[in-house]
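Below you'll find the structure, written out as structure tokens, and then a few comments.
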Amino acid sequence: MEERAQLSGQCEQQNSSAHVFVLQSIPVASARQVWVDSSREGSMSAGQMSIMPAGLPMLWEWQGPVQALHVSVNPRVADLLAADRLGRSYVEVPALCLFDDRFVRHLLELLRMEAVAGAEPLRSQHLIQRLLLRVGIGSRRTMKPPTGALRPDGVRAVTDWIEENLADPISVIDLAALAGVEASWFTRLFSRAVGCSPYRYVLERRVLRAQIALRSGMSVAATASLCGFADQAHLSRHFRRQVGATPAAWARISRN
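Numbering of the sequence shown is given in the working numbering, commencing with residue 3 and proceeding in unit increments.
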């Protein structure tokens, strides 16, 4: 993920290895996008988006300064994340030029915020999965969803490892390996066994760990670091959402 700013010019993509989602940050008076046998010309408004699928040749030309957020998604990761929710071995990402979608824009802005805050892989993967569910338009093959469940020892291995590593980045791929299942099905199987998604489970355990730390007298900043939050603001946002009070306010009440 990167924020790009350039003056008038052009950009050519021949065989990109990633799907690229572009969110315009400032308006551009004149621009042209060409791909395969199609093209589009016109002005670009702040907040408009484009999608450039991996492997699709594309040419951009524009007049005047341009600034945009570029979010790149590895196709293999995209397939794994989409399979977990769509039951498909492949999700087709469409080529779209200068479109408006409030939900897609919101997800891209959240990804930007999480990147600035130092988001962990589990949170970014959760947002990218929602993004793919919104824009994905097809599949090569429908996969048969698993009918079983995670073995109890697999669930225990995952939850024990989470407890021991709450301060560190946690990814779906790592958790799936611990459980001994395909990453593409892990979220569904874990949710079936535990009652919530891996992302939600980790978040709840981190907030619970934060409550214990705050009750012991630890500062909010130190608690955020101990529990795997990017900073105090990151902790406060999720703590308040789950507990109903800020960490500082909750700590004062709990000590009385």
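Each residue gets a CB set at the ideal place from its N, CA and C atoms; glycine is no exception.
Requested in this report: Go through the segment 56-140 residue by residue and report every complete run of the beta strand (DSSP E) that reaches 3 residues or more, in order.
Outcome: 60-65, 68-75 and 98-101
Report task. If I'm right that Ser52 touches Val24 with Cβ under 8 angstroms, what's the distance once you round it to whole angstroms? Result -> 5 angstroms
Query raised in the report: Taking C-alpha atoms, which residue in Leu237, Leu100 and Leu9 lies nearest to Ala48?
Result: Leu100
Query raised in the report: Is the CB-CB distance between Thr189 and Val174 below 8 angstroms?
Result: yes
Report task. Just confirm the distance between the C-beta atoms of Leu71 and Arg114, as a whole number of angstroms; I'd bet it's less than 8 angstroms. Result -> 6 angstroms
Query raised in the report: In three-state DSSP terms, what is Gln35?
Result: strand
Query raised in the report: Does the distance from the C-beta atom of Arg104 to that of Glu63 stay below 8 angstroms?
Result: no
Query raised in the report: Which of the three DSSP states, helix, strand or coil, is assigned to Phe231?
Result: coil
Report task. List the endpoints of the continuous alpha helix (DSSP H) containing Arg257. Result -> Pro249 to Arg257
**Report entry** Status (buried if at least 16 other CB within 10 Å, exposed otherwise) for Ala224
**Finding:** exposed
Query - Given Ser19 as reference, the closest of Gln127, Gly66, Arg78 and Arg107 once Cα atoms are compared - result: Arg78
**Report entry** Three-state class that DSSP yields for Ala7 in the structure shown
**Finding:** strand
**Report entry** Arg132 to Leu109 span [Cα, whole Å]
**Finding:** 8 angstroms
Query - Sequence-distant residues of the same chain with beta carbon closer than 7 angstroms to Ser193, five excluded per side - result: Ser199
Query raised in the report: Expressed to the nearest angstrom, what Euclidean distance is found between the alpha-carbon atoms of Gln127 and Ala151?
Result: 22 angstroms
Query raised in the report: When we look at the beta-carbon of Ile172 and count the other beta-carbons within 10 Å, is it buried (16 or more) or exposed?
Result: buried
Query raised in the report: Distance, Cα to Cα, Pro249 vs Gln69?
Result: 37 angstroms
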